[in-house]
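In order, the protein sequences belong to chains Z and F. Residue 460 in the UniProt record's numbering sits at position 460 of the first sequence, with consecutive numbering throughout. Residue 224 in the UniProt record's numbering sits at position 224 of the second sequence, with consecutive numbering throughout. Note that the Cβ used here is the ideal one computed from N, Cα and C, for glycine as well. The structure appears right after this line, and notes come after that.
Protein chains: 2
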Amino acid sequence: MESILRVNMRGLKVQKEQISESYTQYGGRGLSSFILKEEVSPVCHPLDRHNKLIFAPGLLGGTMAPNSGRLSIGAKSPLTGTIKESNAGGEAGRYLGKLEIKGIIVEEIPSDDRLYCLYINKDKAELLSADELKGLGNYEAVASLRKKFGNKIAIISIGQAGEMKLNTATIAVTDMEGRPTRHAGRGGLGAVMGSKGLKAIVIDITGAEEPEYADKEAFKKITRRFNQALQKHPVTGQGLPRYGTNILMKIIDDAGALPTRYFQMGQFEEVEAVSGEKQYEIIKARGGKIGHPCHKGCVIRCSRIYPDKNGQYLTKGPEYETIWANGPNLGINDLDAIAQIDRLSDDYGVDNIEVGNAIGIAMKAGVISFGDAQGAIDLYHQIAKGTPLGRIIGSGAVTTAQIFGIARVAAVKGQSLPAYDPRAVKGIGVTYATSPMGADHTAGYTIATNILGLGGKIAPLTKEGQVALSKKMQVITAALDCTGLCLFCALMMADEPKSWDDLIEMINARYGWQWTTHDFFVLGERVLKIEREFNLKAGFTPIDDRLPEFFYEEPLPPHNSVFDIPDEEMQSVFEL
Amino acid sequence: MESILRVNMRGLKVQKEQISESYTQYGGRGLSSFILKEEVSPVCHPLDRHNKLIFAPGLLGGTMAPNSGRLSIGAKSPLTGTIKESNAGGEAGRYLGKLEIKGIIVEEIPSDDRLYCLYINKDKAELLSADELKGLGNYEAVASLRKKFGNKIAIISIGQAGEMKLNTATIAVTDMEGRPTRHAGRGGLGAVMGSKGLKAIVIDITGAEEPEYADKEAFKKITRRFNQALQKHPVTGQGLPRYGTNILMKIIDDAGALPTRYFQMGQFEEVEAVSGEKQYEIIKARGGKIGHPCHKGCVIRCSRIYPDKNGQYLTKGPEYETIWANGPNLGINDLDAIAQIDRLSDDYGVDNIEVGNAIGIAMKAGVISFGDAQGAIDLYHQIAKGTPLGRIIGSGAVTTAQIFGIARVAAVKGQSLPAYDPRAVKGIGVTYATSPMGADHTAGYTIATNILGLGGKIAPLTKEGQVALSKKMQVITAALDCTGLCLFCALMMADEPKSWDDLIEMINARYGWQWTTHDFFVLGERVLKIEREFNLKAGFTPIDDRLPEFFYEEPLPPHNSVFDIPDEEMQSVFEL
């Protein structure tokens, strides 16, 4: 029987609630956004007692469906002031699914500055003191919790950045090896967790059963078909397993859309040195691992294990976004330095897209120079130490720019742009501008069609068709984010329209529902509407649904194009 | 013949323009807001090239009207993102009036990081290099300019904070002694001046004539009457000349409305030590000056000269707001320390209301302790040095709070509250919430009626009548800010309704117009409408027209009252 855990951090009470009818159809992002809409005042301060932090596995979480382990985490974001959902891989989503916990709602803030850990197993859920974890990075915190609670646990935790309530703070989720390498990265949700005095959540599945299926045999059968489709597709079956997400580095550079030295150029002259191919070579040569799943049941296995020069584990293979933000974006060409940054980000618990952008601003301001890898690493250390400069950088690019008097900052709704320049891939610019989440590539990944040619092709530099493309992608993503399925499944599904029916049939076989594909996309639209409505009530207006000035005025080499999709046209994204 | 100077900081050109018909009726704040509405995109970045910085004396600037020397300075504010007008005393408004310069519009930003000085005399206006002033505080910069251009000049300048484009940066105006003691303090307009590479404006009135009067004799006669009324009124004729603005300290403390230790209490146990009476004693004992005018033609003379312990000039007598923000607000009871802060604020060019609030946040965060005067002084020095911590504090309270993970921050539209707690004086809370300028006591000074009983009395703790009172005050102020008249005139005028007719007759005698008092208040409404419209187009909504959460929830001792005027009721301020 599915339930919701309600955790009050002031009263230090945990309550198990039956879920009401209206919640049933939602999972993951849908559930977190729905609860925020129902229970949180959009005008509240994100770090104060009226905000709530929601954890929700997807509708398929804990099942045998492949790649269904995404955990959605939602709150009003301290970085953007908008509603926020950020999801992460790792084992926690699956474990919550197994315990049939549909969501955790963390409320209020504690009356003192003690730290707590929420321990959940199949029989109980309780708050325990976690003062001994104060000031620890995620790696140490997780090691300490595993020592205490054993290895049949998944851990959700924050590092120093979350404790300091910095706007770039992430929430870490442990992977199959129990390492804190998967993060709900964007929007500073770790700061919300920090404000609530919650250092960690331990999910123990000892003795837990398989979740119930309305039709287990049907579920198994569809699962097999869906698996095969993922394994057969060139992106999910070959490109991603071999090179990981960083396969994109040369592709985006070729497209002239790789933001270089803080959005001054669209190509990086040393792109080879930071490419997926180069990373593959390094990992292979050092005896690292290629094709590593981030959670059990992942068949794409786009992660990797990146060893240091001595062959010892350093970090999981850094993702394309991390390598971009801390590589070409900073004029840095050193994959080892970037891997070290990746390790520090995971440990301190910071969004290295946002921090990479903040460092880009610091470089523009002359704090350190472009290309200074050691300087960048030092800035990451300063965040964890809580020095004034560290806190500035750890507050994200918009704040850093303001502190250093820089007007030119690549952010929407307070959140920094990721690794695709919208002047050279205009579809993604529409997503950045209009997503309820602020600039977020995962909210409507038009790169699939604009660059990779999946599910059709819309040329990246044209104005035509980009708004419709982004809108379609945003709806699909909002729906998919309710299921717990990894977004990369959608890359295959773009080319295999019948796989959408398989997905719906899996949901139906799990719950005994009669959903159609149409119902599913309506769900996506409904989630977007809920999120949009929250933002409007929080004071956002169409003025916030546009890119920063310089993207409209400063041509980007090599195409020398500017972003030129009119505001009014972009507003049609909201006609749902 | 009145004209407008248009200064392009990219082309380094100065153009003299005839003023168009539609500009004629506006002066001061009205003119700056009107030009911003006409010429500046509300969505522009305040520190980028599309913003403009406007300097405008009032309609009576340069005339023999008493207290008519206020200079309005306007731009889109980097602190608030709203339209902004901040006005200052000193000699510049009067000098521009004498040269019949109705406004200066500074446009664009320079292509390099050189600094410039705009030199204006009766025959010409030109941009000169000011690189030699780089990094200088206002005191040194002004001394250097006076050495170069002589003493028949008024100077408008920025200090280090403005050059660094910090959000608390002010624009300084020299007083009768040529010292940079009068500031357009709020909203970070010094940062806009810094972004434009304009270090100073020198206004040389050598050889300038009296401005023309349509009816000089009438003007003289009314002026005399108006003067007398000011001198006869107990506030403008006795209280202010003797004690200055700090006469308020004990009055507001008595009312339980003195925000103490960052808005935790409404009374300061050591209020005597920082009172106007105490300041009077110190100044007298050290041979300083009481009853000092900030510009020629001021008959209220609320300023003072504050000497150090050796009897040497230290600073002008610190104002009530400065003493509050850096005294009771920080648990500091030392007038000498506050006077030193006043000197540093004038020199570095920072708004010490905003910085005092930011230090309050830093104290809450544990950076330094409440009561640590030396620590506070050190933070001011750090601003000028541009250390990371200095830049944080110099970016204002909202940014400081965000950097240190503090949710409880007393600001509206990004601007910190001044020296009256809205839980204990509810009328001023309406002004803070609804003024187009952000939390600004001068935008609708209900204290006059709520506390001082001028022009009637509305009890400070009641909900009733506060919205109407604030609205009335905001309209009057917007109109008065067009004239160049000091706001303190309105304290007398509240008790002397016919003095409003005198004011209108002065304007008519200057320009040969036929304005009625009604026309004048319609002007005030029009200015507010222009400003409101700008803000709406900049993305502000009714959500921004409210006080921070804690004022509604946390009772303030000794009255244990909360702010409880409903948002909807406050919106009626905008029905103009």
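Q: Report back the beta-carbon spacing between Z/R423 and Z/L523 to the nearest angstrom; my notes put them in contact at under 8 angstroms.
A: At roughly 33 angstroms, the Cβ-Cβ gap does not stay under 8 angstroms, so Z/R423 and Z/L523 are not in contact.
In chain order, what residues of the segment 544-556 of chain Z put their CB closer than 7 angstroms to some CB of chain F? D544, E549
Notebook entry, point to check: With C-beta atoms as the reference, is F/F404 less than 8 angstroms away from F/R261?
Noted result: no
Exercise. If you compare alpha carbons, which of F/G512, F/G188, F/V527 is closest to F/Y348?
Worked result: F/G188
### Query
Any C-beta of chain Z sitting closer than 8 angstroms to the C-beta of F/Q402?
yes
Checklist entry - Which whole-angstrom value describes the C-beta separation of residue 577 of chain F and F/V202, a residue pair presumed to lie in contact below a C-beta threshold of 8 angstroms? => result Nothing can be reported for residue 577 of chain F, as the shown portion of chain F is limited to 1 through 576.
Review point. Cα separation between Z/V350 and Z/G396?
Key: 10 angstroms
| query | Is Z/I120 close to chain F, meaning its C-beta is less than 8 angstroms from at least one C-beta of that chain? | reply | no
| field | Nearest candidate by alpha-carbon position, reference F/P328, set F/A468, F/D372, F/L314, F/Y313 | value | F/D372
Fill in: Touch test, the segment 441-453 of chain F against the segment 491-498 of chain F, Cβ-Cβ under 8 angstroms, three pairs minimum
yes
Boundaries (first-last residue) of the alpha helix (DSSP H) holding Z/V527 | 517-537
Test item: CB-CB of F/A376 and F/N333 under 8 angstroms
no
Review point. With respect to the alpha helix (DSSP H) encompassing Z/K221, which residues constitute its N-terminal and C-terminal limits?
Key: 216-232
request  = Give the interface partners of F/A373 over in chain Z, defined as CB-CB distance under 7 angstroms, in chain order.
outcome  = Neighbours of F/A373 on chain Z: none; closest Cβ ~21 angstroms, over 7 angstroms.
Exercise for the section: Taking 8 angstroms as the cut-off, decide whether the C-beta atoms of F/G159 and F/G137 are in contact. Expected result: yes
| message | Is there a Cβ of chain Z sitting closer than 8 angstroms to that of F/P566, yes or no? | response | no
Exercise for the section: Run the CB neighbour count on F/Y552, radius 10 Å, all protein chains shown included, and call it buried at 16 or more, exposed below. Expected result: exposed
(Q) Do Z/I392 and F/P388 count as a contact pair if the criterion is CB distance below 8 angstroms? (A) yes
- Task: Please confirm whether F/L335 and F/Q415 have their CB atoms less than 8 angstroms apart.
- Result: no
Any idea which residues DSSP pairs Z/V7 with across the strands? Z/V14, Z/V106
Find out if the Cβ-Cβ distance for the pair F/M570, F/D545 is shorter than 8 angstroms. yes
- Based on the DSSP output, what are the partners of Z/K316 in its beta bridges? Z/I305
Practice task
Would you mind working out which of Z/V398, Z/I341, Z/A478 sits nearest Z/H381, comparing C-alpha positions?
Solution key: Z/I341
Taking 8 angstroms as the CB-CB cut-off, is F/H45 touching chain Z?
-> yes
- prompt: Is any beta-carbon of chain Z found at less than 8 angstroms from that of F/T164?
  reply: Per the sequence shown, the amino acid found at residue 164 of chain F is Met instead of Thr. Yes, contact with chain Z.
Pairwise C-alpha distance: F/R94 and F/L12 = 26 angstroms
Worksheet item: F/G291 lies in the beta strand (DSSP E); which residues open and close that run?
Response: 289-292
(request) Pick helix, strand or coil for F/Q514, following the three-state DSSP scheme. (result) coil
Measure the alpha-carbon distance for F/V409 versus F/D501 and round it to whole angstroms. 42 angstroms
Check: Counting along the chain, where does the beta strand (DSSP E) carrying Z/R182 start and finish?
Finding: 182-184
Next on the checklist: Residues of chain Z with CB closer than 7 angstroms to the CB of F/I392, please, in chain order.
Outcome noted: P388, I392, I403
For F/E177, is the classification buried or exposed, using 16 other Cβ atoms within 10 angstroms of its Cβ as the cut-off for buried?
exposed
- Message: Considering only their Cβ atoms, is the gap separating Z/Y119 from Z/I252 smaller than 8 angstroms?
- Response: no
For a test of the three-state rule: what should DSSP assign to F/M473, helix, strand or coil?
helix
| query | Run through DSSP, which three-state label would Z/T260 get? | reply | strand
Q: Tell me, please, whether the CB atom of F/G27 is closer than 8 angstroms to any CB atom in chain Z?
A: no
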